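Trainee:
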Amino acid sequence: MPVLKHIAYIQLKSKVKFIVFVFVCSVLLSAQIQPSREYQIKAVFILNFAQFIEWPADAFSSAKAPLVIGILGKDPFGQFLQDAIQGEKSKGHPLQVKRFSQVSEVKQCHILFINQTKSDQELDVITSSDNQHVLTISDATDFIQQGGIVRFVTENNKIRFQINLNAARQNEITISSKLLRLAEIVNN
Amino acid sequence: MEIRKKLMMVILLTCGAVLLLTSLTFAISEFITFRQTAKRQLATLGEVIAANSTAALAFDSKEDAAEILSALKAEKHIVEACLYDENGNVFSLYQTGSASPVFPAIGAEGYLFEDAHLVGFQKVFQDEKYLGMLYLKSDMNAMYDQLVVHGVIASLAIIVSLLMAYLLSKKMQQSISKPILALAEVAKIVSQQKDYSVRATKVGQDEIGLLTDAFNQMLTQIQEQNIEITSFNQKLEQSVQERTNDLNRVNKELEAFSYSVSHDLRAPLRSVNGYAQMLQEDHADKLDKDGLRITNVIIESAKRMGKLIDDLLDFSRMGRQEIVKSTINMDTFVKGVVDELMEGEQERHINIVVHRLGVVSVDPNMIRQVWVNLISNALKYSRKKENVYIEIGSTVQPGEIIYFVKDNGAGFNMDYAHKLFGVFQRLHKESEFEGTGVGLALSKRIIDRHRGRIWVDSKLNEGTTFFFSIPNQ
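Chains A and B, in that order, are what the protein sequence lines are.
Count along the first sequence from 1, then add 11; that gives the number in this note's numbering.
Count along the second sequence from 1, then add 46; that gives the number in this note's numbering.
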């Protein structure tokens, strides 16, 4: 990690400066690990989506295979999501978080949070081949138009979500009616 | 109580007890079932609401939660409901009343009866993920009201059933009571009118039928026995009448005979007496002393025989004479007799006391002979005493008056008392006390004819008491 490299570098320079820096950094780090209240809620929502969505059987290699929550791009949840999924299961599948920096890295994912604007083509790539049954989630404004499935919307300080049913059907994902009731159904 | 009413009472009491017990059992089982059902229904409702509210809890949608809870409006008895999130904080509320309810802290899952409410908690799970808790409060009053309605319906059913039982028992008890009543009616006729010819009508072959048969047989037997007794009585009466007639005829013949004998004896006796006197008066000079004495003996004997015949005629007349009763005052009656008899006893010092004797209904002429007989006997047999004391009195006993004549005369040995009232029976020598021996026999005959009794009590040399009784009406 570049920050840590930086710390190592400073370490050589001055012990005093190092201590000050470590303090600043730890504040920064903690800021990074403890996400905003908004992302805490979104993390819980992502976690809960796993309970209300059914994937086709071939989405898992085995009955005990993990349900992978992928994060593409910058991770806004930090350690929070990691802690939240600890010990959680969805229909027998343990939850697992994977982080991806490139679209090309995305593989074997059941839920993918995309924290950057992606072109239509890139989304197609994500949902192709290995990741045929992925639930794509994003905050991006035109995410639904691009073929994404779930988009978080903040209304009156409350986090709601839009669901693109067509896209979900395309990916053979079944969304619980209970979840749909809470969602705004939109189509691209 | 009438048998009809007893039967109905038995039937109605049995029906009532059975109905009451049955409905009580039903009521208890219904109450238990009802509570179980209420619990199960609330649990089901809780499960449905909990299942529906998972997404609302998972995605923090209070609007959705409120909407889901507001669906409870359809269940009128749910008065309060509350959703708690996984941390135990109130997430959404539902209430029917205006007062703000106090929601309890999360308790164990399950449902409990609390006063008039059924309350409980239901965990909210999505698959295995615990999302929160649902609290439900159900008002049981509305349901208890329903139970009361059931109770009222059951009571009405009992009343209607009892009414039915009453009507049915009224109709059906007749099959038992009717033959008994008929039997009782016949028995009443038999005992009241002494009519043994009636018969009870037999209904059915049961015990009452048996009783009827036995009753009828008894009546037949009584009837037969009655006929037998009646004919026997008639025969008996007939034979008694025949015997009485025979006896009367013989008696009459005998009396006619003795009367005619006595009567016929008097004529030759009168000749004997008359000629003896003529001999004594007209031919005394031709007779010597011994001849005169013999003539005297003939005259005396003829006189005595005459008296004897008179007494015998009296005696036999008494048997044929009809009794003519009249009410007399015995006090004055006896006083007259005593005065008359005392006429010839003036030389002697006699103390005679007559007590109260009362009023009685007798034949005066006959009773007079009894009194004359008894009093003159008392005077006669006390002749050898210095101080003569005669007492006459009476005592009233149930059904009779007893009269007595008591003297302190010669008396006699009671061993011979049984001979006293026979004709010609005498306990003293003629030379000692004169008499024919007919007087007491005659007295007895008179008292017998009055349906009374006569008896004597005596002690030799101390005195005699004669008693006789006259029936008092």
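Ideal Cβ positions, reconstructed from N, Cα and C, are used throughout, including at glycine.
Note that this is a predicted model, so its numbers are computed, not measured.
So that I know if they touch, is there some Cβ in chain B lying closer than 7 Å to that of A:Asn59?
Mentor: Yes, A:Asn59 counts as interfacial toward chain B.
Trainee: Name the DSSP beta bridge partners of B:Met179, please?
Mentor: According to DSSP, which records beta bridges pairwise, B:Met179 is partnered with B:Tyr130 and B:Lys169.
Trainee: So which residues of chain A does B:Asn98 contact, with C-beta pairs closer than 8 Å?
Mentor: By Cβ distance, chain A contributes Lys189.
Trainee: With burial defined as no fewer than 16 other Cβ atoms inside 10 Å of the residue's Cβ, what is the status of B:Thr100: buried or exposed?
Mentor: Label assigned to B:Thr100: buried.
Trainee: Report yes or no: is there a C-beta of chain B within less than 7 Å of the C-beta of A:Leu193?
Mentor: Yes, contact with chain B.
Trainee: For A:Lys85, count the other beta carbons within 10 Å of its own beta carbon; 16 or more makes it buried, fewer makes it exposed. Which is it?
Mentor: Per the 10 Å Cβ criterion, exposed.
Trainee: In angstroms, rounded to a whole number, what distance separates the CA positions of A:Met12 and A:Asn167?
Mentor: Caution applies to A:Met12, whose pLDDT of 41 falls short of 50 and renders its modelled position unreliable; the model cannot decide the point.
Trainee: In chain order, what residues of the same chain have a beta carbon less than 6 Å from the beta carbon of B:Ile355, not counting five sequence neighbours either side?
Mentor: Here the set comprises Ser308, Leu311 and Arg312.
Trainee: Tell me the start and end of each unbroken alpha helix (DSSP H) in the segment 67-114 of chain A that is at least 4 residues and wholly inside, in chain order.
Mentor: Those alpha helix (DSSP H) runs which fall completely within the segment 67-114 of chain A and span 4+ residues are 90-96.
Trainee: Listed in chain order, which residues of the segment 82-102 of chain A have Cβ atoms closer than 9 Å to some Cβ of chain B?
Mentor: Hits within the stretch, in order: Glu99, Lys100, Ser101 and Lys102.
Trainee: Using a Cβ cut-off of 7 Å (strictly closer), state whether B:Asp131 contacts chain A.
Mentor: No, B:Asp131 lies away from the interface with chain A (no Cβ there is under 7 Å from its Cβ).
Trainee: Between the segment 62-77 of chain A and chain B, which residues of the former have a C-beta closer than 9 Å to a C-beta of the latter?
Mentor: For the segment 62-77 of chain A, which is checked against every Cβ of chain B, the residues closer than 9 Å are Gln62 and Phe63.
Trainee: Using a beta-carbon distance below 7 Å, is A:Phe163 in contact with chain B?
Mentor: Chain B contact via Cβ: absent.
Trainee: Short of 7 Å in beta carbon distance, which residues of its chain neighbour A:Pro87, apart from the five on each side in sequence? Order them along the chain.
Mentor: Excluding positions up to five away in sequence, the list reads Pro46, Tyr50 and Asn126.
Trainee: Taking Cβ-Cβ distances shorter than 7 Å, what residues in chain A pair up with B:Asp185?
Mentor: By Cβ distance, chain A contributes nothing, its closest Cβ being about 29 Å from B:Asp185, past 7 Å.
Trainee: Is it buried or exposed, B:Ala203, if we count other Cβ atoms within 10 angstroms and call 16 or more buried?
Mentor: Under this definition B:Ala203 is an exposed residue.
Trainee: For B:Tyr462, count the other beta carbons within 10 Å of its own beta carbon; 16 or more makes it buried, fewer makes it exposed. Which is it?
Mentor: Classification of B:Tyr462: exposed, given that the 10 Å Cβ count is below 16.
Trainee: Go ahead and pull the three-state DSSP assignment for A:Leu47.
Mentor: As written in the sequence, residue 47 of chain A is Ser, which differs from the Leu given in the question. In the structure shown, A:Ser47 sits in coil (DSSP, three-state: anything other than H, G, I, E or B).
Trainee: According to DSSP, is B:His123 helix, strand or coil?
Mentor: Here B:His123 sits in coil by DSSP.
Trainee: Residue ranges of each alpha helix (DSSP H) run of no fewer than 4 residues wholly in the segment 318-358 of chain B, ordered along the chain?
Mentor: For the segment 318-358 of chain B, not a single whole alpha helix (DSSP H) run of length 4 or above is found.
Trainee: For a contact meaning CB atoms closer than 8 Å, what does A:Ile52 contact in chain B?
Mentor: Near A:Ile52 (Cβ distances below 8 Å), the residues of chain B are Asp106.
Trainee: Let me make sure I understand the geometry here. Which of A:Leu83, A:Gly103, A:Phe60 and A:Ala54 has the alpha-carbon closest to that of A:Thr185?
Mentor: When only C-alpha atoms are compared, the closest one is A:Phe60.
Trainee: Consider the Cβ of A:Phe154: report whether some Cβ of chain B lies at a distance smaller than 7 Å.
Mentor: It does not; no Cβ of chain B falls within 7 Å.
Trainee: Using 10 angstroms around the beta-carbon of B:Lys332, count the other beta-carbons present and answer buried if the total reaches 16, otherwise exposed.
Mentor: Exposed, since its Cβ has fewer than 16 Cβ neighbours within 10 Å.
Trainee: Can you give the Cα-Cα distance for B:Ile516 and B:Gly255, rounded to whole angstroms?
Mentor: Looking at the two C-alpha atoms, the distance is approximately 59 Å.
Trainee: B:Arg81: which of B:Thr68, B:Gln192 and B:Lys122 sits nearest, CA to CA?
Mentor: Measuring from the Cα of B:Arg81, the nearest candidate turns out to be B:Gln192.
Trainee: Identify whether B:Val195 lies in helix, strand or coil by the three-state DSSP scheme.
Mentor: DSSP places B:Val195 in helix when its eight states are reduced to three.
Trainee: Rounded to whole angstroms, what's the CA-CA distance from B:Val408 to B:Met324? Just pull it up for me.
Mentor: Roughly 46 Å separates the two Cα atoms.
Trainee: Output the distance between the C-alpha atoms of B:Thr90 and B:Phe167, rounded to the nearest integer angstrom.
Mentor: Looking at the two C-alpha atoms, the distance is approximately 12 Å.
Trainee: Could you have a look at B:Phe450 and say whether DSSP puts it in helix, strand or coil?
Mentor: In the structure shown, B:Phe450 sits in a strand (DSSP, three-state: E or B).
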